[in-house]
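Peer 1:
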Amino acid sequence: MASTLRVGVLTISDTASQDQAADISGPSLCRLVEAEPRYKVEVTACIPDDHKAIQKTVTAWCDDLDLHLVLTTGGTGFGVRDCTPEAILPLLNRQTPGITHLIFAKSIQITPFAALSRAVSGIRGQTLVLTFPGSPKAVKENFEAVAKMLPHAIDLARGGTGKKTHEKMQGGPRPSGVASAAVEEKSQTESSPSHGHGHGHGHGGHTCFHHSDKEARTDAASLGLGTPVSRRLRKSPYPLIPMEQALSAVMDRVTPLPSVEKPVDESLIGAVLDEDVVAVEAVPGYRASILDGYAVIDTDGPGQYPVTAVSIAAASSEGSATKLLPGQIARITTGGALPEGATAVVMVEDTLLVKSSEDGTHEETVEILAKVRKGEAIREIGSDIQVGQTVLKKGQVVSAVGGEIGVLASIGVQKVLVRQRPVVGFLSTGNEVVDHNNGEALKMGQIRDSNRPTLIASTKAAGFDYLDLGIAPDSPEDLESAIKGGLAKCDIVVTTGGVSMGEMDLLKPILEQKLGATIHFGRIMMKPGKPTTFGTVPNPNGGQPRLLFALPGNPVSATVTFHLFVLPALRKLAGYEKYMWPSVQAE
Numbered sequence: 027m028a029s030t031l032r033v034g035v036l037t038i039s040d041t042a043s044q045d046q047a048a049d050i051s052g053p054s055l056c057r058l059v060e061a062e063p064r065y066k067v068e069v070t071a072c073i074p075d076d077h078k079a080i081q082k083t084v085t086a087w088c089d090d091l092d093l094h095l096v097l098t099t100g101g102t103g104f105g106v107r108d109c110t111p112e113a114i115l116p117l118l119n120r121q122t123p124g125i126t127h128l129i130f131a132k133s134i135q136i137t138p139f140a141a142l143s144r145a146v147s148g149i150r151g152q153t154l155v156l157t158f159p160g161s162p163k164a165v166k167e168n169f170e171a172v173a174k175m176l177p178h179a180i181d182l183a184r185g186g187t188g189k190k191t192h193e194k195m196q197g198g199p200r201p202s203g204v205a206s207a208a209v210e211e212k213s214q215t216e217s218s219p220s221h222g223h224g225h226g227h228g229h230g231g232h233t234c235f236h237h238s239d240k241e242a243r244t245d246a247a248s249l250g251l252g253t254p255v256s257r258r259l260r261k262s263p264y265p266l267i268p269m270e271q272a273l274s275a276v277m278d279r280v281t282p283l284p285s286v287e288k289p290v291d292e293s294l295i296g297a298v299l300d301e302d303v304v305a306v307e308a309v310p311g312y313r314a315s316i317l318d319g320y321a322v323i324d325t326d327g328p329g330q331y332p333v334t335a336v337s338i339a340a341a342s343s344e345g346s347a348t349k350l351l352p353g354q355i356a357r358i359t360t361g362g363a364l365p366e367g368a369t370a371v372v373m374v375e376d377t378l379l380v381k382s383s384e385d386g387t388h389e390e391t392v393e394i395l396a397k398v399r400k401g402e403a404i405r406e407i408g409s410d411i412q413v414g415q416t417v418l419k420k421g422q423v424v425s426a427v428g429g430e431i432g433v434l435a436s437i438g439v440q441k442v443l444v445r446q447r448p449v450v451g452f453l454s455t456g457n458e459v460v461d462h463n464n465g466e467a468l469k470m471g472q473i474r475d476s477n478r479p480t481l482i483a484s485t486k487a488a489g490f491d492y493l494d495l496g497i498a499p500d501s502p503e504d505l506e507s508a509i510k511g512g513l514a515k516c517d518i519v520v521t522t523g524g525v526s527m528g529e530m531d532l533l534k535p536i537l538e539q540k541l542g543a544t545i546h547f548g549r550i551m552m553k554p555g556k557p558t559t560f561g562t563v564p565n566p567n568g569g570q571p572r573l574l575f576a577l578p579g580n581p582v583s584a585t586v587t588f589h590l591f592v593l594p595a596l597r598k599l600a601g602y603e604k605y606m607w608p609s610v611q612a613e
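For the record, in the sequence shown the residue sitting at position 393 is 419 according to my numbering, with numbers rising by one throughout.
1) Among the candidates I295, L395, H388, whose CA atom is the shortest distance from the CA of T377?
2) Between the alpha carbons of D326 and G353, how many angstroms are there, rounded?
3) Please state whether the Cβ-Cβ distance between A356 and I323 is less than 8 Å.
4) Going by beta carbon distance, what residues of the same chain come within less than 7 Å of T360, once the five residues before and after it are set aside?
5) Below 6 Å CB to CB, which residues in the same chain sit around L443 once its five sequence neighbours on both sides are set aside?
6) Please state whether the Cβ-Cβ distance between F591 and F560 is less than 8 Å.
7) Please give the ranges of any alpha helix (DSSP H) in the stretch 344-386, keeping only runs that are unbroken, at least 4 residues long and fully inside the region.
8) Within the chosen definition, does the stretch 72-85 reach the stretch 127-142 through at least 3 CB pairs nearer than 8 Å?
9) Measure from the alpha carbon of P74 to the alpha carbon of each residue in P63, L58, A113, then state which is nearest.
10) Within a Cβ cutoff of 8 Å, which residues of the same chain sit near I431, ignoring the five residues on either side of it in sequence?
11) Identify whether V35 lies in helix, strand or coil by the three-state DSSP scheme.
12) How would you write the range of the alpha helix (DSSP H) that K78 sits in, first residue to last?
13) Could you work out which residue in K534, A173, D491, S133 is closest to E506 when comparing CA atoms only?
14) Per DSSP, what kind of secondary structure is A47 in: helix, strand or coil?
15) What is the residue span of the beta strand (DSSP E) that R572 lies within?
16) Kindly indicate which residue of A403, R474, E402 has the alpha-carbon position closest to the one of V631.
17) Give me the residue from Q415, I267, N457, H462 with the minimum Cα distance to T558.
18) Below 8 Å on the Cβ atoms is my contact criterion, and I expect R572 with V563 to pass it. Report the Cβ-Cβ distance as a whole number of Å.
19) Whole angstroms are fine: how far does the CA of G429 sit from the CA of V303?
20) Under the three-state reduction of DSSP, which class applies to T30: helix, strand or coil?
21) Could you have a look at V439 and say whether DSSP puts it in helix, strand or coil?
22) What is the DSSP secondary structure of C72, counted as helix, strand or coil?
23) Using DSSP with H/G/I as helix, E/B as strand and the rest coil, what is S104?
24) On the CB-based measure, 16 or more other CB atoms within 10 Å of its CB, does P107 come out buried or exposed?
25) Taking the straight line between their C-alpha atoms, what separation do you get for G524 and G465?
26) Is it right to say Q152 is buried, meaning 16 or more other beta carbons lie within 10 angstroms of its own, or is it exposed?
27) In angstroms, rounded to a whole number, what distance separates the CA positions of I38 and D49?
28) Can you tell which of D491, E389, V146, P448 has the C-alpha that lies nearest to the C-alpha of V280?
29) Check the Cβ-Cβ distances between L468 and every residue of chain B, and say whether any is below 8 Å.
30) Can you name the start and end residues of the beta strand (DSSP E) that L156 belongs to?
31) For P332, which beta-bridge partners are listed by DSSP?
32) Comparing C-alpha positions only, which one of R64, A131, L55 sits nearest to T99?
33) Per DSSP, what kind of secondary structure is L599 in: helix, strand or coil?
34) Once you ignore the five residues that flank H77 on each side, which residues in its own chain have a CB closer than 6 Å to its CB?
35) Compare the C-alpha of N567 against each of K553, K598, C516, L577 and name the closest.
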C-alpha cells in the first residue's frame, strides 16, 4: 500500500460555488485530513448542486487521478437542490453500507438531526468515496468516526490483503490465509468437533475460508500445477478491476519498438514514420506543360507562327531544352519540357494548322487563335514540391491508399526511418479444440477452432504481422513449450482459453510458475471478457519484456477483448501517436 494516501475534497454547494469565501466545510475537512500524517490533499474543488457536475468531477478524480480517497461535503440533506447521493450512487462499483452505518451511528449519538442525512459511501474502481454533510461540525464528527479504519479500507479497496492490520489486531504475523496452530487447535477442541474456522484474506479483498482440515491453504501464486482438484481455489485470487484501470495497466507497459530503415515500396504500408521526410528533388524538376498544345512567348499574341521545335514528355540527353525566339512556337505534349524563352502554353484546341510539310508528316505553320497570359498552363520547377520541403511528418502512418508512398517515390527519397512493426503470435488452447481445416468429422466433445482465424483476420486487416502458433492441448508441458516458442519470435503472444476457474485452466499458473511472468490483472469488470489476463514476460532475446494476453476461449469474449486491449497495444508498439480507439460519451 502507498505510504501517502492521496485525497480529493469536493465541496458541493450552490452558494459556495459562487462565493469561495462561503466555503467553510471544505477547508475544514482539508485541515482534518492533513492532520493525519499519512494523508495528502491533492486536489480540491467547489461546485454547485448539479448532478452532471458532481458526476464529472468525481469520475475524473477516481478514474484519471486515481486518488485513494474522495470526500465530498454538502448536498446530502432533504433540500430541493440536494442531489449528492443521487449523483454518486450510479458511479459506485460497490457500496460500503458498513461505513455508512458507522458514520450514522456515531452521528446519531450526538444529535437526532443526523437522521436527516442521506449520506452514501462506496468504491469506484480502487477509490473509496465518502459523502459528508455540509456543516463543519458534521464534517468533523463524520471524519473522526472513520479516520482510524480508512487506511485499512483503502488498502483492501486497492487489492491489498490488510495483512499488517490483522497481524496487529491478532497479536503477530502468521502465514497468509492460515489461522495459527494454537487458534486452530483451540477451535477444534473447544468448539464443535466437526467445524474448524480459519480466517484469511485473498488478493482481491476480504475472503473467508472455512475448512475442517488442519492443512495450510496457500494463495494462487503458490498453488502447484499438480495440486489436486479437491484443493483448487474456489474464488479467484485476482482482484476484479475496472476496464479503464486494465487499459492503463496495459498501456503503461507498452513502449514503442526501435526504428528501422526501410526502402520506399509497398512494405511501408502501415508503418509509422520516425523522422520528418524532406524532399531531395523538386517536383517537377523542370518547367513542364500541363496540356497538349504549343509553347509560345505570350507577348507575341495571336497570329501565324512557324513551328520550330517539338517537345514531348521524355528524357533528354541534352543539358537544356531548345531555345525559343520571338515569332516562333514549339509543339509540346503534356509533361513536356518548355523550350528556353517560352512563357506560356496554348492548348491545341485554340489553334489552326496553316501549312504542313510536303510529305504531310510535320506541321510547318500554325495559327494561334487565343491570347494567353504569362505562365499559363506551365508547372514551374518546384511548384508542387521544393527541394528541402518537409513532405511527411514524424508519426505519420503510411496508408494502404498509396498517397504517402507515391509522394516519397516522387521526391527522390530511397529509404525512410520507420518504427519497427510488432509481430503478434496466436495460440489456441484446449484438448477439445481441433483445427478448422481438419476435414474429419468432429468427435463427441470436440469443437473447431474459430478464435485463431478470427483474430488473425483482424490483425491482417489492421496491417500488422502475425505468427500462427497453432493449438496446444491442456498439458503444462505443451502449453509451456508453445508459449516459449511464441515469446522467442513475437513481441506479443495472444492465447485463447484456459484462464477461468476450471481444473484444466492452466494458463495463469504456467505464466507465473514456469515462465516467470508478472500478471498485472486477471479479471476485469466487463462482460464478455471478465477473466481476461495480461502479463509481462522476460524477453528471452533480451530487451523490453514480451507482452502476453490470455483471452477467454469464448469466441465473442476473445474477439471483443482483442479489439479493446491487444490492438491498441499493437498500435502503440508500432509507434502510433493515437493508439487508442476513439470513444464518445453516451447520454
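Ideal Cβ placement from N, Cα and C applies to all residues, glycine included.
All values derive from a computational prediction rather than experimental measurement.
Peer 2: Looking at the coordinates:
1) The count along the sequence shown starts at 1 and reaches residue 377 at position 351. The candidate whose alpha carbon is nearest that of T377 is L395.
2) By 1-based counting over the sequence shown, the position of residue 326 is 300. By 1-based counting over the sequence shown, the position of residue 353 is 327. Roughly 7 Å separates the two Cα atoms.
3) As a working mapping, residue 356 is identified with position 330 in the sequence shown. As a working mapping, residue 323 is identified with position 297 in the sequence shown. No, the pair does not count as a contact, with Cβ atoms beyond the cut-off.
4) For this step, residue 360 is matched to residue 334 along the sequence shown. So the list reads S315, I316, L317, D318, A339, once near-sequence residues are dropped.
5) What you label residue 443 is simply residue 417 of the sequence shown in a count that begins at 1. For L443, where only same-chain residues beyond five positions count, the Cβ hits under 6 Å are S285, E287, D300, E301.
6) Here residue 591 corresponds to residue number 565 of the sequence shown, with the count starting at 1. Here residue 560 corresponds to residue number 534 of the sequence shown, with the count starting at 1. Yes; because the gap between Cβ atoms is below 8 Å, this pair is in contact.
7) none
8) no
9) Residue numbering aside, residue 74 sits at position 48 when the sequence shown is read from its first letter. Here the closest residue by C-alpha is A113.
10) The count along the sequence shown starts at 1 and reaches residue 431 at position 405. Cβ neighbours of I431 beyond the five flanking positions: V290, D291, E292, L294, I295, V424.
11) On the sequence shown, residue 35 is found 9 positions in, with the first residue counted as 1. Strand.
12) Residue numbering aside, residue 78 sits at position 52 when the sequence shown is read from its first letter. Note, K78: alpha helix (DSSP H), 77-85.
13) Counting from one through the sequence shown, the residue named residue 506 turns up at place 480. Ranking the options by Cα distance to E506, first place goes to K534.
14) Indexing the sequence shown from 1 puts residue 47 at position 21. Of the three classes helix, strand and coil, the one that applies to A47 here is helix, per DSSP.
15) Here residue 572 is taken as the residue at index 546 of the sequence shown, counted from 1. Per DSSP, R572 belongs to the beta strand (DSSP E) from 572-577.
16) Past the edges of the chain, shown from 27 to 613, lies residue 631, and the structure says nothing about it.
17) Counted from its first residue, the sequence shown places residue 558 at position 532. Among Q415, I267, N457, H462, the Cα nearest to that of T558 is on I267.
18) As a position in the sequence shown, residue 572 is number 546, starting the count at 1. As a position in the sequence shown, residue 563 is number 537, starting the count at 1. Contact flag correct, Cβ pair sits at about 5 Å.
19) Start at 1 with the first residue of the sequence shown, and residue 303 comes out as number 277. Start at 1 with the first residue of the sequence shown, and residue 429 comes out as number 403. So the two alpha carbons sit approximately 14 Å from each other.
20) Indexing the sequence shown from 1 puts residue 30 at position 4. DSSP places T30 in coil when its eight states are reduced to three.
21) Taking the sequence shown and counting its residues from 1, one reaches residue 439 at position 413. It is coil, neither helix nor strand.
22) Stepping through the sequence shown from its first residue, residue 72 is reached at position 46. Three-state DSSP puts C72 in a strand.
23) The count along the sequence shown starts at 1 and reaches residue 104 at position 78. First, the amino acid is wrong: residue 104 is Phe here, not Ser. F104: coil per DSSP, three-state reduction.
24) For the purposes of this step, residue 107 is taken as the residue at position 81 of the sequence shown. The sequence given here places Arg at residue 107; Pro does not occur at that position. Exposed is the call here.
25) As a first step, residue 524 is located in the sequence shown; it is residue number 498 there, counting from the start. As a first step, residue 465 is located in the sequence shown; it is residue number 439 there, counting from the start. A direct Cα-Cα distance of roughly 25 Å separates G524 from G465.
26) Translated into positions along the sequence shown, residue 152 becomes position 126. With 16 or more Cβ atoms within 10 Å of its Cβ, Q152 is classed as buried.
27) On the sequence shown, position 12 is the one that residue 38 refers to. On the sequence shown, position 23 is the one that residue 49 refers to. Looking at the two C-alpha atoms, the distance is approximately 9 Å.
28) Locating residue 280 in the sequence shown gives position 254, where the first residue counts as 1. Of the listed residues, the one whose Cα sits closest to V280 is P448.
29) No chain B appears in this structure, which consists of one protein chain only.
30) Along the sequence shown, one-based indexing puts residue 156 at 130. From DSSP, the beta strand (DSSP E) with L156 extends over 153-158.
31) As a working mapping, residue 332 is identified with position 306 in the sequence shown. Answer by DSSP bridge pairing, in chain order: T391.
32) Taking the first residue of the sequence shown as 1, we reach residue 99 at position 73. Minimum Cα distance to T99 is reached at L55.
33) Against the sequence shown, residue 599 aligns to sequence position 573. In this structure, L599 counts as helix in the three-state DSSP scheme.
34) The sequence position of residue 77 within the sequence shown is 51, counting from 1. Excluding sequence neighbours, H77 sits near C109, A113.
35) The count along the sequence shown starts at 1 and reaches residue 567 at position 541. For the residues K553, K598, C516, L577, the minimum Cα distance to N567 belongs to C516.
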